[in-house]
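For any residue, its number in our numbering is found by taking its place in the sequence shown, counting from 1, and adding 5.
Heads up, the beta-carbon is just placed ideally off N, CA and C, and yes, glycines get one too.
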Amino acid sequence: MAAVRVHSSIQSSLCILSHPLYSTSRHLKTRLHFPRPLFSSPSFSSGRALFYSCRADNFKGSEREVSDSFVLTTPLYYVNAPPHMGSAYTTIAADAIARFQRLSGKKVIFITGTDEHGEKIATAAAACGSSPSEHCDVISQAYKTLWQDLDIAYDKFIRTTNPKHEAIVKEFYSRVLANGDIYRADYEGLYCINCEEYKDEKELLENNCCPMHLKPCVLRKEDNYFFALSKYQKLLEETLTQNPDFVQPSFRLNEVQSWIKSGLRDFSISRASVDWGIPVPNDNKQTIYVWFDALLGYISALSEDNEQPNLQSAVSSGWPASLHLIGKDILRFHAVYWPAMLLSAGLSLPKMVFGHGFLTKDGMKMGKSLGNTLEPNDLVQRFGSDAVRYFFLREVEFGNDGDYSEDRFINIVNAHLANTIGNLLNRTLGLLKKNCQSTLAVDSTLAAEGNAFKDTVDKLVEKAKFQYENLSLSSACEAVLEIGNAGNLYIDERAPWSLFKQGGAASEAAAKDLVIILEAMRIIAIALSPVTPRLSLRIYEQLGYTKEQFNATTWSETEWGGLKSGQVMAQPKPVFARIEIEAEGGDGGEAAKKVVKKKEKIPHTQGVAQA
């Protein structure tokens, strides 16, 4: 990347050699401030948010460092096309984390939204015969509809075409400009339209193809504004060294450190050839680069709708973010560009950037050309949101790449949700109805006195909590499932159906056994609710609770002892429909598969937060 001609149109004193952005003395005056760590688990114990003193006096006291708050974000999804399974996966994971943090008593602000500016958007709109604004409205609504179908309980949905966002982007740009970190220059290089980014030749494939989109980059020359990223190389290196938990998983940190050590170069933050965007404050012939625009959505989302949008009020409403959850393909923007931009504006860095892996289907990369795309809307309609959420969070080790296979999907969901959890609840309630008139004979605390099963459940609950705190969502699911496995083993060994037939003390022991299993089911419902909110609600209702009682639960209620003597359980009915495969006859060829639910689909009643 080469800026070959510098202009004097921003500040008359600007020149390459004397400009402050090239002065090493500025680094010596930098002051670092590390607020209290957010995460309570050991792996996050050293987590720190970096604060840069430059212009910080303008924000003194405005940034919120409150131990009971948790602000997390998904990327703002690009609206050049409808939502796909990759964006759904990120958002499902973010929702599970948000739900756990709410259970833990945190004041959660869960931010998602859509990135709606740039050349690709205008091109996609033109291809559909609509205006960019109309196109953005349609695709943004498609995201909201899918999030509702997937039980995504977000708190803020920001669109970058929102006027309050534009106002905050312009104010942020002006702050960075006033700090001497924006200059104007000619630029010529290879540009990937799909990435909306200039590329270095050394990172391209044969014929200058983008390694991500496998399409040739085009040679483009423009007169643009640049952000002085190189000025922050030393400070970013120090940040990552002192706070290694800033980028997770740890192997992603290695990638980021490698990028920085190879040398950071200033990047273009405006486009002269793109009309669909936010105008540059000091030059309406150019629009702000889509990433410099969209990243600010994490802050503009915090601005209240009923107030005049400005940077300070937005920051005071929740910044810095506790967690940015992203796909690994946009790690550079979030772990290099974004921190440098924030430092320039005198704002705290987010506490953590977590880059997860990609999804494949049947071991192959997904793509329209291969005809193997995975449509989230189709999955939800066929299997329900609980099944989709559980499979991807349980079967994909969070942070790594993961694979989808329909056969494995059905086998896992049936084995874990329908059999291990659903069948255990159903047969226990059936025995309670037959032998105890659906009424608990004793308190769950009394029933479990001296019983090793309770100790097993307690340990697994602590394990699940630890894994949730460490963003190990698959391991958290596994720990909760182990409670179900232990419950099935316990009831099979105790055989209460036989004890009831013996009468007397044996019958009393059997009644206690049922209370013990149902208490374990109550705990499962709470502990798995971040992942399967609908299923957990149905379990809770089967145990005689109301929806309002379920919505008011906290993680502290996973402590043994919730069920009391005399509580009446609901009539037993399956809480999760087993997925069956039926063969449809063909014309002499291989029989086609048809997925059906064994039981009628249970209506969805749980609400979703709207922006």
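R276, buried or exposed, once every other Cβ within 10 Å from all chains shown has been counted against 16: buried
Between the CA atoms of Y83 and G489 - distance to the nearest angstrom: 40 angstroms
Any C-beta of chain D under 8 angstroms from that of E242: Absence of chain D from the displayed structure is noted, only one protein chain being present.
Beta-ladder partner(s) of L573, from DSSP: The displayed chain sequence assigns Val, not Leu, to residue 573. According to DSSP, which records beta bridges pairwise, V573 is partnered with T444.
Residues that DSSP places opposite N619 in a beta bridge: The question about residue 619 has no answer here: the residues shown for the chain are numbered 6 through 616.
The stretch 447 to 455 in contact with the stretch 328 to 347 per 3-pair CB rule at 8 angstroms: no
Nearest-angstrom Cα separation, counted from I97 out to Q472: Each residue's alpha carbon lies about 17 angstroms from the other.
DSSP three-state assignment for C197, whether helix, strand or coil: strand
Cβ contact check for the stretch 249 to 258 and the stretch 200 to 213: 3 or more pairs under 8 angstroms: no
Contiguous beta strand (DSSP E) assignments of at least 3 residues, all confined to the stretch 240 to 310: 288 to 293
Cβ contact (3+ pairs, closer than 8 angstroms) linking the stretch 282 to 295 and the stretch 429 to 441: no
For S74: DSSP bridge partner residues: K112
Residue interval of the alpha helix (DSSP H) (run including S358): The sequence given here places Val at residue 358; Ser does not occur at that position. Not the alpha helix (DSSP H): V358 falls in the beta strand (DSSP E), residues V358 to H361.
Residue nearest to S179 in terms of C-alpha spacing, selected from Q572, I293 and E483: I293
Environment of T563 [buried if 16+ CB atoms lie within 10 Å]: Buried: at least 16 other Cβ atoms inside 10 Å.
Anticipated Cβ contact below 8 angstroms, L379 with F581, distance rounded: That pair is no contact at about 22 angstroms.
Close-in-space but distant-in-sequence residues of the same chain around K161 (CB under 8 angstroms, 5 per side omitted): Hits under 8 angstroms: I114, F115, I116, T117, G118, A306, L307 and A616.
Proximity to P88 [Cα-Cα], best of A127, K149, G566 and E474: K149
Inter-residue Cα distance where the pair is Q572 and S327: 41 angstroms
L348 and L240 closer than 8 angstroms at C-beta: yes
Option nearest A103 by Cα separation, candidates P535, Q442, R394 and F272: P535
Neighbourhood of K459 by C-beta distance below 7 angstroms, restricted to the same chain and skipping five residues each side: A453 and W565
DSSP three-state assignment for S48, whether helix, strand or coil: Confidence at S48 is low in this model, with a pLDDT of 34, below 50, so its placement is unreliable and no value can be given for it.
Integer-rounded CB distance, given that L330 should sit under 8 angstroms from T77: According to the sequence provided, residue 77 is Leu. The question's Thr does not apply to it. Between L330 and L77 the Cβ distance is about 6 angstroms, and since that is below 8 angstroms, they are a contact.
Neighbour-count burial assignment, Y230, 16 or more Cβ in a 10 Å radius: Its Cβ being crowded by 16 or more others within 10 Å, Y230 is buried.
Any 3 or more C-beta pairs closer than 8 angstroms across the stretch 412 to 428 and the stretch 440 to 449: Of all C-beta pairs linking the stretch 412 to 428 to the stretch 440 to 449, fewer than three are shorter than 8 angstroms, placing the two stretches out of contact.
K226 burial status per 10 Å Cβ neighbour count (16 or more: buried): By the 10 Å Cβ count, K226 comes out exposed.
Integer Cβ distance of W264 from V385, believed to fall under 8 angstroms: With 8 angstroms as the limit, W264 and V385 do not qualify as a contact, their Cβ atoms being about 37 angstroms apart.
At least 3 beta-carbon pairs within less than 8 angstroms: the stretch 550 to 564 vs the stretch 498 to 512: no
Sequence-distant residues of its chain with Cβ nearer than 6 angstroms to W560 (five each side left out): L108 and S109
Endpoints, the beta strand (DSSP E) within which E642 is located: No statement about residue 642 is possible, as the shown extent of the chain runs from 6 to 616 and does not include it.
Collapsed DSSP secondary structure at L330 in the structure displayed: strand
Buried versus exposed call for E309 [16 or more other C-beta atoms within 10 Å across all chains shown]: That one is exposed.
Start-to-end residues for the beta strand (DSSP E) that takes in T365: L364 to K366
Three-pair Cβ contact test at 8 angstroms for the stretch 132 to 148 versus the stretch 182 to 189: With a cut-off of 8 angstroms, the stretch 182 to 189 and the stretch 132 to 148 do not count as touching, because too few Cβ pairs lie within range.
Exposure of E206, with buried meaning 16 or more beta-carbon neighbours within 10 Å: exposed
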